[in-house]
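Remarks on the structure that follows.
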Amino acid sequence: MNARSPLHDWHASHDAKFTPFAGWEMPLSYPSGSIAEHRSVRASAGLFDVSHMAEFEVEGGDATAVLNGIVTANLESVADWSSTYALICEEDGGVLDDLYLYRMPDRWFIVANAANRESDAAWFRSHIDPARGEVRFTDRTDKIAMFALQGPRAMEVADGLATELRGIVPTRIPRFGMAADGEIRVGRTGYTGEDGIEIFASSESALSLWELILRRGSELEIEIGPIGLAARDSLRFEPGFALYGHELQREITPLEARLAWACDLEKPFIGRDALIRQKEQGLTKRLATVRLNERGVPREGQPVVLNDERVGEVVSGLYSPTLDGFYANAYLPPALAKTGTEVDIEIRGRRKAAQVVKRPLYTPAYR
Amino acid sequence: MTFDANVRYQDSHEWARKDGDLVVVGISDYAQDSLGDVVYVELPETGTSKAKTEAFGVVESVKAASDVYMPVSGEIVEVNGELEENPATVNESPFEAGWLVKIKPSDPAEIDGLMDAAAYEEFTKGLDD
Chain A
0 MNARSPLHDW HASHDAKFTP FAGWEMPLSY PSGSIAEHRS VRASAGLFDV SHMAEFEVEG
60 GDATAVLNGI VTANLESVAD WSSTYALICE EDGGVLDDLY LYRMPDRWFI VANAANRESD
120 AAWFRSHIDP ARGEVRFTDR TDKIAMFALQ GPRAMEVADG LATELRGIVP TRIPRFGMAA
180 DGEIRVGRTG YTGEDGIEIF ASSESALSLW ELILRRGSEL EIEIGPIGLA ARDSLRFEPG
240 FALYGHELQR EITPLEARLA WACDLEKPFI GRDALIRQKE QGLTKRLATV RLNERGVPRE
300 GQPVVLNDER VGEVVSGLYS PTLDGFYANA YLPPALAKTG TEVDIEIRGR RKAAQVVKRP
360 LYTPAYR
Chain C
0 MTFDANVRYQ DSHEWARKDG DLVVVGISDY AQDSLGDVVY VELPETGTSK AKTEAFGVVE
60 SVKAASDVYM PVSGEIVEVN GELEENPATV NESPFEAGWL VKIKPSDPAE IDGLMDAAAY
120 EEFTKGLDD
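Sequences listed follow chains A and C, in order.
Quick note on numbering that gives the first Met the number 0: the first sequence kicks off at 0 and runs consecutively.
Quick note on numbering that gives the first Met the number 0: the second sequence kicks off at 0 and runs consecutively.
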């Protein structure tokens, strides 16, 4: 049976449609529908239950140096109470997962994809040198509920939560910063391209905190509601954030995924040599965002065609509510992965004209 | 959930309603609710003839593409062009404005073999368990 969030009963009683996702049963959408949910996050605020996400901690000894040898970003340049995005790669540069790492004075708090929880944990454990025995890795996923409060008015709602967040004042946390008090952790981070926070709390306190956030929004007369995974996907697609299993895969490198900015090739990490080699030799494929010139929904696995030749394949595709158009992400030969290139996407055997467009489709509000 | 009593239903969730010599076809309220937000509807050319249970189009929701099947055999004589611009009409008005195609049935009695609203409602209850 699939795992359930501590808020499962709340979602069910609010008529959520559920979907199996990475061994969890999570809300896909609520009765207002995923497009209305998407628009609500872009226009006002939304609350996401993302308790399926994996949470790890690495602490003790020279934890920073050890982790820094595993992940792509340079952790030495991340200050306490700040954070960074990073990847973990195989020796050949293939991406094993993408992570979000928060630096606390005594530990690293890591958020990873639910689908990769077991393999990530095994990877970290196998690469934490036993000779540095004082460095400890802990999988905290089962104890932690994770919410995201996102949208242009999210911080107004968050501002009213200081008492319940044990004195943490979310508006005082800078972008990409974090604060913590015991079990409660708050990051000024997210996966939507909007301002907002991500909250980590104990499973036991999850329901009261969730309800409080929604109530506080209503009291302030701010439009806020629960947001399902379908809208989470379209909200992450527009600002160009990668989703593991789609833009990121074992066979794809960070350079191909346009994530060179998350890799510090000046410091050693697993996969660095392969990435340096790839950079020198040049890429054979590169991520591109393609807009359909007509209507139709590109779906994962559909061919991208140029002059009757298959030049790539869709990894994510959808209707973009903000741009009111149909878009796909696909890996194409680098010469084609350039704004303006005209290609076709083959949808159920029918070719639809499309062209490569500038990324991101939606510039994050905080940038 | 609405189970319109003025139409007949097929187990693949299309409804069919007699309209003079023609049969109007759409998807049920149950179907649109299960699919979620509809973002694109692919409809056939008018003039094509298809047999009962043959796919005649595709309803694309945010989450998936679903084939829609002929509830009766016949010729497609009209498609709902309104859905090109406003596919969400299928969600908002599945039995009225959100109709998909009009069929000139090859056997006008074939529609009587479809489920009535009560039978279809029973059928969907079995699916939810």
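The C-beta atom is built at its ideal place from N, Cα and C for all residues, glycine as well.
Cβ contact annotation for residue 304 (chain A) (same chain, cutoff 8 Å, sequence separation greater than five): 310, 342, 343, 344, 345 and 350, in chain order. The criterion of a C-beta distance shorter than 7 Å is satisfied by residue 101 (chain A) and residue 82 (chain A). Chain A has no Cβ within less than 7 Å of the Cβ of residue 13 (chain C). DSSP places residue 9 (chain A) within a helical segment (H, G or I) once states are collapsed to three. Residue 311 (chain A) carries a strand assignment under DSSP once its states are collapsed to helix, strand and coil.
It is roughly 20 Å from the alpha-carbon of residue 60 (chain A) to the alpha-carbon of residue 54 (chain A).
In the structure shown, the three-state DSSP call for residue 235 (chain A) is helix. The continuous alpha helix (DSSP H) containing residue 41 (chain A) extends over residues 33-42. Identification of residues in the region 55-89 of chain C having a C-beta nearer than 8 Å to some C-beta of chain A yields 57, 59, 61, 62, 64, 83 and 87, given in sequence order.
Counting along the chain, residue 209 (chain A) sits inside no beta strand (DSSP E); it lies in the alpha helix (DSSP H) bounded by residues 205-218. Between residue 52 (chain A) and residue 239 (chain A), the alpha-carbon positions lie close to 20 Å from each other.
Remark: C-beta atoms of residue 104 (chain C) and residue 71 (chain C) approach each other more closely than 7 Å. Shown here, residue 127 (chain C) sits in a helix according to DSSP, grouped into three states. Close CB contacts of residue 80 (chain A) within its chain, under the 6 Å cut and outside five residues either way in sequence, are with 176 and 177 (chain order). The residue from A:308, A:119, A:211 and A:360 with its alpha-carbon nearest to that of residue 249 (chain A) is A:119. Residues 287, 305, 310, 311, 342 and 355 of the same chain have their beta carbon placed closer than 8 Å to that of residue 335 (chain A), with the five preceding and five following residues left out of the count. At a cut-off of 7 Å between beta-carbon atoms, residue 29 (chain C) makes no contact with chain A. Straight across, the Cα-Cα distance linking residue 291 (chain A) with residue 43 (chain A) is about 28 Å.
Closest by C-alpha distance to residue 338 (chain A), out of A:324, A:138, A:226 and A:357, is A:357. Proximity of chain C to residue 27 (chain A) at the Cβ level (cut-off 8 Å) is accounted for by 35 and 62, in chain order.
Identification of chain C residues near residue 32 (chain A) by a Cβ-Cβ cut-off of 9 Å yields 35, 36, 61, 87 and 90, ordered along the chain.
Cβ neighbours of residue 159 (chain A) within its own chain (closer than 6 Å, five residues either side excluded): 215. For residue 65 (chain A), the uninterrupted alpha helix (DSSP H) run begins and ends at 62-67, by DSSP. At the C-beta level, residue 313 (chain A) and residue 333 (chain A) stay beyond 7 Å of one another. Considering only A:46, A:73, A:226 and A:251, the residue with the shortest C-alpha distance to residue 85 (chain A) is A:73. By the CB criterion at 7 Å, residue 295 (chain A) and residue 268 (chain A) fall outside the cutoff. Setting aside the 5 residues that flank it on each side, residue 210 (chain A) is surrounded in the same chain by 9, each with a C-beta closer than 8 Å to its C-beta; the list follows chain order. When C-beta distances to chain C are compared with 8 Å, the residues of the region 324-349 of chain A below that value are 325 and 347, in chain order. Contact of residue 294 (chain A) with chain C is assigned, a C-beta pair being separated by under 7 Å. Excluding five sequence positions before and after residue 180 (chain A), the CB atoms of its chain that fall closer than 7 Å to its own CB belong to 165, 166 and 167, given in chain order. Judged by DSSP in its simplified three-state form, residue 156 (chain A) adopts helix.
For chain C, the residues of the region 293-313 of chain A that bring a beta carbon within less than 8 Å of one of its beta carbons are 294, 295, 296 and 298, in chain order. By the C-beta density criterion, residue 111 (chain A) is buried, having at least 16 other C-beta atoms within 10 angstroms. For residue 337 (chain A), the three-state secondary structure derived from DSSP is coil. Under the three-state reduction of DSSP output, residue 150 (chain A) falls in the coil class, being neither helix nor strand.
Within its own chain, the residues whose Cβ lies closer than 6 Å to the Cβ of residue 145 (chain A), once the five positions on either side in sequence are excluded, are 49, 50, 52 and 199, listed in chain order.
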